[in-house]
Amino acid sequence: MSIEEAEQIATDLLTKAALTQNGDGSDIEDDGKGAFRGNTAIAATAADQLEKVNGEPETRDVISDPVEPNVLAISRDDGESPLLMLVQTVPASGPPELYVMSSPSTPDNFRIVWWAPMLPGTDIGAFDRRSAGSPIVRKGKGDLPQSPKQLFSALADYIDYPEREVLRVKTNGYAPQVRKAAKGQASAVSQQAEFSESNTLKTKTYTFLREDGSAVTFAALKRESDFDVRSGMELTPPDEFLVFDDDDSITRRARLNSYIYVAMTIPLDDQRSEMIAAGEQLVSAVGS
Numbered sequence: 007m008s009i010e011e012a013e014q015i016a017t018d019l020l021t022k023a024a025l026t027q028n029g030d031g032s033d034i035e036d037d038g039k040g041a042f043r044g045n046t047a048i049a050a051t052a053a054d055q056l057e058k059v060n061g062e063p064e065t066r067d068v069i070s071d072p073v074e075p076n077v078l079a080i081s082r083d084d085g086e087s088p089l090l091m092l093v094q095t096v097p098a099s100g101p102p103e104l105y106v107m108s109s110p111s112t113p114d115n116f117r118i119v120w121w122a123p124m125l126p127g128t129d130i131g132a133f134d135r136r137s138a139g140s141p142i143v144r145k146g147k148g149d150l151p152q153s154p155k156q157l158f159s160a161l162a163d164y165i166d167y168p169e170r171e172v173l174r175v176k177t178n179g180y181a182p183q184v185r186k187a188a189k190g191q192a193s194a195v196s197q198q199a200e201f202s203e204s205n206t207l208k209t210k211t212y213t214f215l216r217e218d219g220s221a222v223t224f225a226a227l228k229r230e231s232d233f234d235v236r237s238g239m240e241l242t243p244p245d246e247f248l249v250f251d252d253d254d255s256i257t258r259r260a261r262l263n264s265y266i267y268v269a270m271t272i273p274l275d276d277q278r279s280e281m282i283a284a285g286e287q288l289v290s291a292v293g294s
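Each residue of the sequence shown is one higher than the last, beginning at 7 in my numbering.
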């Protein structure tokens with residue numbers, strides 16, 4: 007796949023993704039199918055549903071304000087699938103955004119399979135020339151000191167609530183924010199319910215080697231936020247919950263499911279792995 011072809015594919019996908027912000031429901035269905043695959047498609051649909059609570063996003067005229075992707079890395083042709091691309095955009099406001107695009111076979115079948123904004127002060131690093139392609143870790147850990155799956159699974163345990171794991175990872179403020187939010191939620195409902203959160207590795211990992219042999223790896227975690235209602239008590243769910251479940255009086259249990267999109271570095275030496283991007287999306291809720 008040439009650099010020009012990769013740039014055109016990235017432009018097409020991100021244009022369709024932008025157009026899903028300009029409508030609702032069936033109006034954006036074709037653009038959504040053309041832009042996303044797998045859990046990102048589920049997340050995009052959920053975000054559209056939640057607009058009735060969170061408000062409509064600002065529309066974008068992709069003619070006067072076209073997307074301008076920067077293709078950072080293209081998977082090296084190793085005779086295996088999927089084909090992968092790592093793409094970055096820099097919005098007019100807010101942090102840079104990273105996208106992983108994947109095709110199970112041919113270049114005409116790429117879709118966005120991962121997306122998140124970068125965390126403040128982080129750096130994606132440098133990759134091999136796009137014309138040569140970047141090596142991809144397909145299984146296990148290759149020559150890396152740590153398996154991407156093991157890293158994400160350990161991170162998932164690290165951000166559970168109540169906290170149960172200590173991990174030597176630099177999260178650039180993300181883990182403290184997650185714990186603060188969880189503690190606040192637990193405190194807010196402490197009289198009515200017991201609150202807990204568990205995180206698990208949801209998807210396959212996508213891992214690009216950088217030019218120095220270190221790596222950046224991408225995955226989605228699934229977060230289950232549970233409210234176990236105390237005997238004789240009743241919990242009134244938030245408006246976001248009611249988008250997915252119209253039960254406005256919870257007397258037993260409620261669960262909110264979210265996807266957490268995370269990018270981590272895997273260094274070659276004894277330095278700590280670092281979280282460089284993170285995004286969250288509520289995708290479903292159920293209660294009784």
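Virtual Cβ for every residue (Gly too), placed ideally from N, Cα, C.
| Item | Value |
| --- | --- |
| Please return the same chain residues whose Cβ sits closer than 6 Å to the Cβ of V143, not counting the five positions on each side in sequence. | T213 |
| Checking 9 Å against the spacing of the C-beta atoms, do P113 and E11 come in under that value? | yes |
| Quick check on the DSSP output: the alpha helix (DSSP H) that includes R185 runs from which residue to which? | 180–194 |
| Per DSSP, F158 forms a beta bridge with which residues? | According to DSSP, F158 bridges with nothing at all. |
| Keeping to the same chain, check which residues put their C-beta closer than 7 Å to that of R174; ignore five residues upstream and five downstream. | R278 |
| Using 8 Å as the Cβ pair cut-off and three pairs as the minimum, do the segment 174–191 and the segment 249–259 touch? | no |
| Should the segment 117–133 be regarded as contacting the segment 96–107, the criterion being three or more beta carbon pairs within less than 8 Å? | yes |
| Roughly how many angstroms separate the alpha carbons of A53 and S237, rounded to a whole number? | 33 Å |
| With contact counted as at least three CB pairs below 8 Å, one residue from each stretch, are the segment 90–97 and the segment 37–54 in contact? | no |
| Among residues of its own chain, excluding the 5 on either side of P75, which ones have a beta-carbon nearer than 8 Å to its beta-carbon? | E13, A16, T17, L20, V93, Q94, T95, Y105 |
| With T209 and N45 assumed to form a contact (beta carbons below 8 Å), what rounded beta-carbon distance in angstroms separates them? | 6 Å |
| Quick check on E246 - is its C-beta less than 9 Å from some C-beta in chain C? | Structure shown: chain C not included; a single protein chain is present. |
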